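Numbering-wise, this note's numbering comes out as the position in the sequence shown, counting from 1, plus 67. Virtual Cβ for every residue (Gly too), placed ideally from N, Cα, C. Only a predicted model underlies this, so the values are computations on that prediction, with no experimental measurement involved. A quick write-up on the structure given underneath.
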Amino acid sequence: MDELKKVFANPPSAYRGRTFWGWNGKLEPDELRRQIRVMHRMGLGGFFMHSRVGLATAYLSDEWFEMIEACMDEAEKLDMEAWLYDEDRWPSGAAGGLVTREERFRHRNLIMVACDADELKTDQQPLAVFSGRLDGVAVREVQRLDAVPQGAEMPEGAKLLAFFVAADEPSSWYNDATYLDTMSREAVQRFIEVTHEAYRKQIGESFGERVPGIFTDEPSYGRVMEQGEFAGLPSWPVPWTPGLPDTFQQRYGYDILNHLPELFFDLEGEAVSQARWHYYDCITFLFTDAFVR
């Protein structure tokens, strides 16, 4: 008990707080070391080296790893923990756009447009098209169509429901790339290679000791039903990945493409759409299997 009281009075680094340390300028090893000494005097036991807005040192470059190694060296001198952070800003997955410069790894959405048939003007081929009568958040008399019809071919009073798959548009937040398709094993494996494997090659001998772990920040399968615009018309997205239809068929025994309107609308007389429930179960499985596992 006496020994426990001594440890409690002056705990080692493992029992002390650690700070999210924002790296948001031109990194200099002497300044980084100085700040670590300040953190140590404050009583902190470690830090997370976290790329933030304003970073002027190229992410995951040779210079970046020189800064990481300088911080680890200073942490070694002060017996502090040097935690890694696996992204340039957040959410984790794109490696600051290094991964998603390759379009096949980019996050995708299934986008729905509800309009009159003659309003839809785009060269992109829809994944599927339907007609249906809209009644608030419900849809009635749904029919799957072979192609986008001419206006006169639509049932009277019905709207065209057209579904497209599209990758996210490049964004400055991802350094002119996009977020990752976190439901794709291939995309996530590439993220691991670019980020985690790069750290392992540079400082892997310190993993589990001076570097106890890596913080991963806010990964997800994407936003749901956030109104946007497609082909000049209001649109609504839900997350999508190329392998989703096959996985859905294997898990639930039917074709999700025949039930796409149910992802966005209630069916008349049904409180819950089984297809919608299965869809969210499926994308949760794909995200968990590809990214979390």
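Taking the Cβ atoms as the reference, proline 312 lies roughly 6 Å from leucine 324, within the contact range of under 8 Å. The criterion of a C-beta distance shorter than 7 Å is not satisfied by leucine 247 and alanine 149. If you draw a straight line from the Cα of arginine 171 to the Cα of leucine 353, it is about 17 Å long. A straight line joining the alpha-carbon of aspartate 69 with that of proline 78 spans about 14 Å. The shortest C-alpha to C-alpha distance from phenylalanine 230 to any of Val215, Thr86 and Tyr321 is the one to Val215.
In this model, isoleucine 350 and glutamine 256 are separated by some 18 Å (Cα to Cα). The shortest CA-to-CA distance from alanine 338 to any of Ala298, Val204 and Leu165 is the one to Val204.
In the structure shown, the three-state DSSP call for alanine 357 is helix.
Rounded to the nearest whole angstrom, the C-alpha separation of alanine 342 and serine 118 is 40 Å. Of the candidates Arg156, Glu95, Leu165 and Asp284, Glu95 places its Cα closest to the Cα of tryptophan 131.
Lysine 144 sits in a helix when the DSSP states are folded into three classes.
The beta carbon of methionine 179 lies closer than 6 Å to those of Phe230, Trp303 and Phe331 in the same chain, with the five residues before and after it left out. Residue environment analysis places phenylalanine 197 among the buried positions, since at least 16 neighbouring C-beta atoms fall within 10 angstroms of its C-beta. Counting other Cβ atoms within 10 Å of its Cβ, tryptophan 344 stays below 16 and is therefore classed as exposed.
Distance between aspartate 185 and glutamate 296, taken at the CA atoms: about 17 Å. For tyrosine 346, the secondary structure class from DSSP, reduced to helix, strand or coil, is helix. In the DSSP annotation of this structure, the continuous segment of the beta strand (DSSP E) that includes glutamate 296 starts and ends at 295-297. Secondary structure at methionine 250: coil, using DSSP grouped into helix, strand and coil.
Annotation: the continuous alpha helix (DSSP H) that includes lysine 72 extends over 69-76.
Histidine 263 and proline 301 have their C-alpha atoms spaced approximately 39 Å apart.
With a beta-carbon spacing of about 15 Å, histidine 174 and aspartate 243 fall beyond the 8 Å limit used to define contacts. Apart from sequence neighbours up to five positions away, the residues of its chain that approach serine 238 with a beta-carbon distance below 7 Å are Thr245, ordered along the chain. Taking 7 Å as the cut-off, the beta carbon of alanine 181 is found no closer than this to the beta carbon of leucine 122. Counting only residues of its own chain and dropping the five nearest sequence neighbours on each side, arginine 207 has a CB closer than 6 Å to the CB of Arg200 and Glu335.
With fewer than 16 other CB atoms across the displayed protein chains lying within 10 angstroms of its CB, tyrosine 321 is exposed.
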